[in-house]
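Okay, structure first, notes after.
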Amino acid sequence: MSRKLVRPRQGRMFAGVCAGLAQRFGLSANLVRLLFLLSLLLPGTQVIIYLVLWILMPNEDRAY
């Protein structure tokens, strides 16, 4: 069974984007959060991508 890209109800810190990405790819949620925070030190569109994922990723209870 393939894992869907959803924002889980449990384990959220803010919007659930990092927890959802971690769950989808089999990583630790804290690792994904740390990588996101470290990426903020670099120039780029990280915050915009986070906001887009927040809008596009469904909640776990409303997934597909």
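Under UniProt numbering, the first residue of the sequence shown carries the number 1, and numbering increases by one thereafter.
The beta carbon of each residue, even a glycine, is placed where N, CA and C say it ideally should be.
Alpha-carbon to alpha-carbon, residue j and residue i
| i | j | result |
| --- | --- | --- |
| Leu5 | Val17 | 9 angstroms |
| Pro58 | Ser39 | 24 angstroms |
| Phe14 | Pro43 | 22 angstroms |
| Phe36 | Ala22 | 11 angstroms |
| Arg24 | Leu31 | 13 angstroms |
| Arg33 | Val52 | 16 angstroms |
Buried/exposed call for residue i, threshold 16 Cβ in 10 Å
| i | result |
| --- | --- |
| Arg7 | buried |
| residue 79 | There is simply no residue 79 to check, as the chain begins at 1 and stops at 64 in what is shown. |
C-beta contact flag for residue i and residue j at 9 angstroms
| i | j | result |
| --- | --- | --- |
| Arg3 | Glu60 | no |
Close-in-space but distant-in-sequence residues of the same chain around residue i (CB under 6 angstroms, 5 per side omitted)
| i | result |
| --- | --- |
| Trp54 | Ala15 and Val17 |
Contacting residues, own chain, Cβ-Cβ under 8 angstroms from residue i (five flanking each side not counted)
| i | result |
| --- | --- |
| Ser28 | Ala22 |
Cβ shell of residue i (< 7 angstroms), same chain only, five flanking positions each side left out
| i | result |
| --- | --- |
| Val47 | none |
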